[in-house]
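Worksheet: one structure, shown below.
2 protein chains.
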Amino acid sequence: MELEDRKSKILTAIIRNYLETGEPVGSRTISKFTDLQLSSATIRNEMADLEEMGLIIQPHTSAGRIPTDKGYRFYVDQMMEARKHEFDDEKQLLLQRVDRMEAALKQLAKVLAANTNYATLVSAPTYTQNKLKFIQLSRVDEAKVLAVIMTQGNIVKSTLVDMNEDISEDDVLKMNVLLNASLNGLSVDEINLNIISNLKTEAKELAPAVEPILTAIAQAIASDKDEPQIYTSGTTNIFKYPELSQSSSATELIGAFEEKQPLNELVLSSMNKEGIQVYIGEESPFENLKDCSVVTANYDLGDGLHGIVGIVGPKRMDYERVVGTLHGLKNQLDAIYKEMGTKKISGSGIGKDE
Amino acid sequence: MELEDRKSKILTAIIRNYLETGEPVGSRTISKFTDLQLSSATIRNEMADLEEMGLIIQPHTSAGRIPTDKGYRFYVDQMMEARKHEFDDEKQLLLQRVDRMEAALKQLAKVLAANTNYATLVSAPTYTQNKLKFIQLSRVDEAKVLAVIMTQGNIVKSTLVDMNEDISEDDVLKMNVLLNASLNGLSVDEINLNIISNLKTEAKELAPAVEPILTAIAQAIASDKDEPQIYTSGTTNIFKYPELSQSSSATELIGAFEEKQPLNELVLSSMNKEGIQVYIGEESPFENLKDCSVVTANYDLGDGLHGIVGIVGPKRMDYERVVGTLHGLKNQLDAIYKEMGTKKISGSGIGKDE
DNA sequence: GTTAGCACTCGGGGAAAATGAGTGCTAACA
DNA sequence: TGTTAGCACTCATTTTCCCCGAGTGCTAAC
């Protein structure tokens, strides 16, 4: 959308002011606020035009104006265009070094929340495309085998397999060799029915044992592909913004951040979009966020490991700072990854099946 | 504390009524509510006595009475005593079967929250006293070894160990045998400096490799002993109780449920108390909960696996129902455990170290 | 020991009034 | 033709005021 220069300046001034105060902005304020040297009456005329265009709105007669979603969109687009090349990468968030990815991501969400005063979410990296490094089977008892799967990117998954019949220590070893020979280097997506049936043939007398193990492995691998782990922080920050905390959906919002599962939709839809995304109000892929704005950035740790970082706040969020911060963070994550190549990784899990 | 029968009846009536309505209870209400056949004037006299004893209080002159913490305590003690033997174990919560302990515990918190309309927390079982079943080392590359630890109760932990120097496939195998021979059957608490130095002697030329591995293992095992995993649900239920949601600590309360870490104190202090605990207001081990009541039950899955289930609500919570529900749940968990002996267990983890 | 009666207290709710920020419109001005 | 001063008007918000009623404490009678 093109806009007369003066109108654009006035709109920007209105939005800037509203971002700070959260109160409707009147013509007199703008008249003093800008360097346009125009009287409030003139501003009023322009504001009437902007309102007609649907960029600003009056909450009620005799109140100042506040931006509409469309107004914010104009502002954000303009800002993104202008700032494209000059984000302040210097702002390094103090990411304390921690010993596990899980803790690191929690920490990241926390630091971001503390820095921005908005609610944050970080999705743990998913690893489609990720290749198997090795599988290690260990016999636990007569009819149970522990399968440990390690993929590129050094992600470890383990699953305890309930065999249908007893299996000997020897057979487990054979299976181990067989599985590694057949599956090594495959991406997790490539393990399909075809391969399973091939494996069964190769397995010969071990064939009955192959199926439960492969099923369990596939299940363990797939388990969080649809439901990536999400870490959140700063949910309570939304209480700092009356227009959010008093909104009827505040409870739902907090609920969504607690259950995490509802945020999945947001994560999935941002995941395959390059760069930094800004969703304003109704643009959000997720109903409960329609009173908020969401800014997401996707990160890529290589080896097909990627996830997103998101910030949820009121529509009058400080887009400039948030986008800048996320931009810097992306670079920092890249740096961490490079540095990480030679370092160690650890993980743990626990689970019981019916 | 002993109380005249009539006073006790009146106190109980006041509390019962207040639990339902959340409004101060007047003398006339009690006069009609009970089967005592007393006029409101008489009730007033008794109420004055109860107030003097610190069991009830007037929010302001010309208002009815509400129970104090002490009043609730009296009520709860009496109720616990009376109901000691007759909790309705029949109330079976519908626990949908799920494939992993983690999911099961989340589910449990969720179901409890939905059933009680309070906020709930469930701590994942910790396993002090738990004995090692086996350790499986796998060489990942020249200087990295994956250690997978399985304990009784079939809990799996894994950690990627960064060796100080290169290690051969052969040496990993030797280490594997050595570790299992030495550590098998020990409880995780028993792995101490003594054992490590013994192991070093036995390891001979492998000695330099023993230390990083043992350190990593010890660390992986200890990692969530101090910080048990906590699952929460229904935090937003507190909005249903104005006295909580309008309290200044509501934000902190929700924050604590989000960060989870602050709840740890509560978990730890309930963990070593047998049976069902009720904390009323100031009795809570945790500052932020002083406007709430907390009911906790510890569960024991055998093999030293134990944790707690907790319910957090307003002081005017339906203690009777909550205690009953938790009582039933305890039994149900026991049943599940028994049934689980023969079934499979799985888990997964991911982490990166600096 | 119990009860009826009565004066008193005090929070809550609602109406009315005062406030003030901000508008739209008109007429004058450059 | 665009800009501005001026003015009447609107309406959410705040303040004030008053009334109502639930509930109490106390006293005197039963």
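Chains as they are written, first to last, in our numbering: chain A, 728 to 1081; chain B, 728 to 1081.
The beta-carbon is built from N, C-alpha and C at its ideal position, and this holds for glycine as well.
Under 7 Å, Cβ to Cβ, is there at least one residue of chain B near residue i?
i       : result
A:L995  : no
A:T843  : no
A:G1068 : Confidence in A:G1068 is poor, its pLDDT being 47 and thus under 50, which makes the residue's placement too unreliable to answer from.
A:K1079 : Annotation note: pLDDT 33 at A:K1079 (below 50); position unreliable, coordinate value reported separately. True, the Cβ-Cβ gap to chain B drops below 7 Å.
A:Q819  : Only weak support exists for where A:Q819 lies, its pLDDT of 49 falling under 50; the coordinates are left without a value.
List the whole-angstrom C-beta distance separating residue i from residue j, where the pair is believed to meet the contact cut-off of C-beta under 8 Å.
i       : j       : result
B:V994  : B:P955  : 6 Å
B:S1020 : B:M1044 : 5 Å
B:I876  : B:I862  : 5 Å
A:K901  : A:L933  : 6 Å
B:G753  : B:G791  : 4 Å
A:A846  : A:F984  : 6 Å
A:Y745  : A:P786  : The Cβ separation is near 11 Å, so there is no contact.
B:D1018 : B:S972  : So it is not a contact: roughly 10 Å between Cβ atoms.
A:M890  : A:P852  : In fact, because the Cβ distance is near 32 Å, the residues do not count as touching under 8 Å.
With 7 Å as the threshold, decide whether the Cβ of residue i is near any Cβ in chain A.
i       : result
B:F1013 : no
B:S865  : yes
B:T739  : no
B:Q823  : Because B:Q823 sits at a pLDDT of 42, beneath the cut-off of 50, its placement in the model cannot be relied upon, and the point is left open.
Anyone know if the C-beta pair for residue i and residue j falls short of 7 Å?
i       : j       : result
B:V1005 : B:A1024 : no
A:K734  : A:E778  : no
B:V803  : B:Y968  : no
B:L1060 : B:Y1026 : yes
B:S960  : B:A1062 : no
B:L859  : B:T878  : yes
A:I981  : B:T963  : yes
A:N1008 : A:D796  : Going by the sequence as given, residue 1008 of chain A is Gly instead of Asn. Result yes, Cβ atoms of A:G1008 and A:D796 sit closer than 7 Å.
A:T886  : A:A947  : yes
B:A740  : B:T769  : no
A:I944  : A:A870  : no
A:I1003 : A:V1050 : yes
A:L864  : A:V899  : yes
A:L738  : A:L782  : yes
B:E929  : B:P1041 : no
At 9 Å on the CB atoms, spell out the chain A contacts of residue i, in chain order.
i      : result
B:E985 : T959, S960, G961, T962, T963, I981, F984, E985
So with CB distances below 9 Å, who are the chain B contacts of residue i?
i      : result
A:V875 : Q863, S865, L873, V875, V883, S885
Can you pull the chain A neighbours of residue i, defined as C-beta to C-beta under 7 Å?
i       : result
B:T1023 : None at all; the shortest Cβ gap to chain A is about 20 Å.
Check the Cβ of residue i against every Cβ in chain A and list those closer than 8 Å, keeping chain order.
i      : result
B:T978 : T963, F966
B:K860 : V867
Between residue i and the ligand GTP, is the CB less than 6 Å from at least one heavy atom?
i      : result
B:N964 : Questions concerning the ligand GTP fall outside what the structure shown contains, since it holds no ligand whatsoever.
Could you please tell me which residues of the stretch 878-911 of chain B, in chain order, have their CB closer than 7 Å to any CB of chain A?
Of all residues in the stretch 878-911 of chain B, N881, I882, V883, K884, S885, T886, L887, V888, D889 have a Cβ within less than 7 Å of some Cβ in chain A.
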